[in-house]
RNA sequence: GCACUCAUAGCUCAGCUGGAUAGAGCAUCGCCCUUCUAAGGCGAGGGUCUUAGGUUCGAAUCCUAAUGGGUGUACCA
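In the numbering used here, the protein residues as written are 2 to 567.
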């Protein structure tokens, strides 16, 4: 239900009928319940342009507002606010209408776009660590969200499978055994360390490693086979993490760095032809206005850098994948890099003007002391270990409730533990750094996944107790139900906002508001207790049904599972 | 040095395309379980929105500067 759109159309009409010219009509949520459900604050601005009394204008506008459908009442307040109340009858019928809708009333975008979402991007030389968590989670949510709203989403996992370190790794792989499949690569981190030790201790080995780098680049079959087997094994680790994490990335989404190798020379050629790049200190550079240091696109020795790869990728995404919008879900520290790459791509005409390029940046994960998240001995925290710990902790949290058999407990602990990690990450505004705290994320209180899952389970419990059919319509009976129904219908507006700004926390905030409201409703308005009229009981059961559906759908978009019992 | 970014309650965070008395959670202190999952709900206290200017009828929000954190800055990605 696009409520704001409907309301702004009504206001636009009112303005038109009152012969008042206004360019954009913005409807906001009311700041307080006393001020209604929505408000239109644009009158004050109009009054200034027209040099008229704002309350006078507000009065004229109000007289022209159509209050036959969605709007029940409007009021002028303060210097010229127009407060809007939606009608209970309208809310009731709209809510009832979406009870059986799989999309719980959420429509599709008017103009579907082809959107590339670039996320996760692990390095094949190392095990996935906490640094990859946010990109994977935020990117996955964004992809799911856009897809749900009707865009055509192309997921791209830009894995790091190329670079000098691979020479060392495959040389060591060869020395150790035959290939990545038979080789024990369970702990990539350790393998890397061991290889590094070999590299440092043996000149002979180091030479071979360097030689292998060149050989892979030249397409040497033996080295390429070793390299490929290594990448396969490493990718297998990532998939294990994706599986645990519930991230929808498959091999089909992998478009590795190496994929662009063959396209790099042509990028340089384009830049040279358009006089965008010049030679400086022996390297091919682009000097952008305002930057004091250049962007190097080709090293003095002929090698390419990641800016070049990103340019090639951009070109590919626009020209081959035909993207309208490209979202890079990458650490905020890369802001400058993306700004530069985007600028060069547009200058060089690799990307048409109407294609939107977005760096979806996010902050760093911190520990309690406010420092970047590390293990006790200062090492990186492996993602797989973190996820396993989350499940263990979740199990401890719910074990004492004794609602589950051992087997069921395991499943529920997984949903809760993984959900907690993801929700904690998604509920913080993306750009800011975030403090990682087990206690906070696994709490039943506050804006956590467990609180949402608990609310969902609580509703399921009502249904079990009721143990019968639920029919009939939703009839808004009081203030709290009015607010709850309105909240349920606001779901689409929330998703639209989240998709435009690429802010998953918009969804979690909404969820928290919705669930809090439901809890209030649940305390105030008994459903199954004695003496409740059948019609009221059914309406409330339906309200619970719709609430549960919206919670489930919202969590689904966030990649979090619900459980029927906690 | 230069650039970017952040600064809101004791703590963790919302709010930021300008709007009415700045909101949550945690923590602290009260109240509500023979009554649908109380791991819940209700209420209280707690704020110079870092500081100083500016724009405006109106600023936490926009602009400028200062202060304090973080980050990035020529051949790694």
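Even glycine gets a Cβ: it sits at the ideal position worked out from N, Cα and C. Bear in mind that the values here come from a model prediction, so they are computed numbers and not experimental data.
If residue 423 and residue 559 are in contact, beta carbons under 8 Å, what's the gap, nearest whole angstrom? At roughly 7 Å, the Cβ-Cβ gap stays under 8 Å, so residue 423 and residue 559 are in contact.
Between residue 62 and residue 117, is the Cβ-Cβ spacing less than 9 Å? no
Beta-ladder partner(s) of residue 330, from DSSP: For residue 330, which the question treats as bridged, DSSP gives the partners 361.
With a 10 Å radius around its C-beta and 16 neighbouring C-beta atoms as the bar for buried, classify residue 280 as buried or exposed. Answer is exposed; the Cβ neighbour count stays below 16.
Residue 18 - DSSP class collapsed to helix/strand/coil: Correct three-state label for residue 18: helix.
Answer yes or no: do residue 474 and residue 540 have a C-beta to C-beta separation smaller than 9 Å? yes
Do residue 443 and residue 131 have their C-beta atoms closer together than 9 Å? No. Outside cutoff.
Residue 307: which of 4, 335, 561, 376 sits nearest, CA to CA? 335
Mind checking which residues open and close the alpha helix (DSSP H) that includes residue 519? For residue 519, the enclosing alpha helix (DSSP H) begins and ends at 505-525.
Here's the rule I'm using: 16 or more other beta-carbon atoms within 10 Å means buried, otherwise exposed. How should residue 173 be labelled? buried
Below 7 Å CB to CB, which residues in the same chain sit around residue 456 once its five sequence neighbours on both sides are set aside? 516, 519, 520, 552
For residue 39, list the residues DSSP reports as bridge partners. 30, 85
Which one of 231, 72, 47 has the shortest CA to CA distance from residue 10? Put simply, of 231, 72, 47 the residue whose alpha carbon is nearest the alpha carbon of residue 10 is 72.
Every unbroken alpha helix (DSSP H) inside the segment 122-169 [4 residues or more]: 134-149
Chain-order list of residues whose beta-carbon lies under 6 Å from that of residue 544 (same chain, five-residue window excluded): 475
Residue range of the alpha helix (DSSP H) that includes residue 59: 55-65
Over the uninterrupted alpha helix (DSSP H) stretch that includes residue 419, give me the two end residues. Taken as a continuous stretch (DSSP letters only), the alpha helix (DSSP H) holding residue 419 covers 407-427.
Measuring only the C-alpha atoms, how far is residue 427 from residue 420? 10 Å
If we call anything under 9 Å between Cβ atoms a contact, is residue 120 one with residue 134? no
With C-beta atoms as the reference, is residue 136 less than 9 Å away from residue 363? yes
Let me know the secondary structure DSSP gives residue 109 once reduced to three states. coil
Would residue 158 be called buried (16 or more neighbouring beta carbons within 10 Å of its own) or exposed? That one is buried.
For residue 482, which option in 150, 96, 234, 399 has the closest C-alpha, if you only look at C-alpha atoms? The shortest C-alpha separation from residue 482 is found at 96.
Sort 547, 491, 276, 409 by Cα distance to residue 348 and report the nearest one. The option with the nearest alpha carbon to residue 348 is 276.
To the nearest angstrom, how far is the alpha carbon of residue 225 from that of residue 212? 13 Å
From the DSSP secondary-structure annotation, give me the bridge partner or partners of residue 278. 287
For residue 476, the three-state DSSP class (helix, strand or coil): Coil.
If you compare alpha carbons, which of 435, 542, 56 is closest to residue 471? 542
Residue 92 in three-state terms, based on DSSP: helix
Three-state secondary structure (DSSP) of residue 324: coil
Can you give me the C-alpha to C-alpha distance between residue 502 and residue 313, rounded to a whole angstrom? 26 Å
Under the three-state reduction of DSSP, which class applies to residue 339: helix, strand or coil? helix
Report, in whole angstroms, the separation of the C-beta atoms of residue 23 and residue 43, which I expect to be a contact under 8 Å. 6 Å
Burial state of residue 374 (16 or more Cβ within 10 Å): Around the beta carbon of residue 374, 16 or more other beta carbons lie within 10 angstroms, which makes this residue buried.
According to the neighbour-count rule (16 or more other Cβ atoms, all chains shown, within 10 Å of its Cβ), is residue 1 buried or exposed? For residue 1 there is no data in the structure shown, the boundaries of the chain being 2 and 567.
Please list the segments of the alpha helix (DSSP H) lying wholly inside the segment 436-475, counting only runs of 4 or more residues, in order along the chain. The DSSP assignment places complete alpha helix (DSSP H) segments of no fewer than 4 residues inside the segment 436-475 at 439-442, 450-467, in order along the chain.
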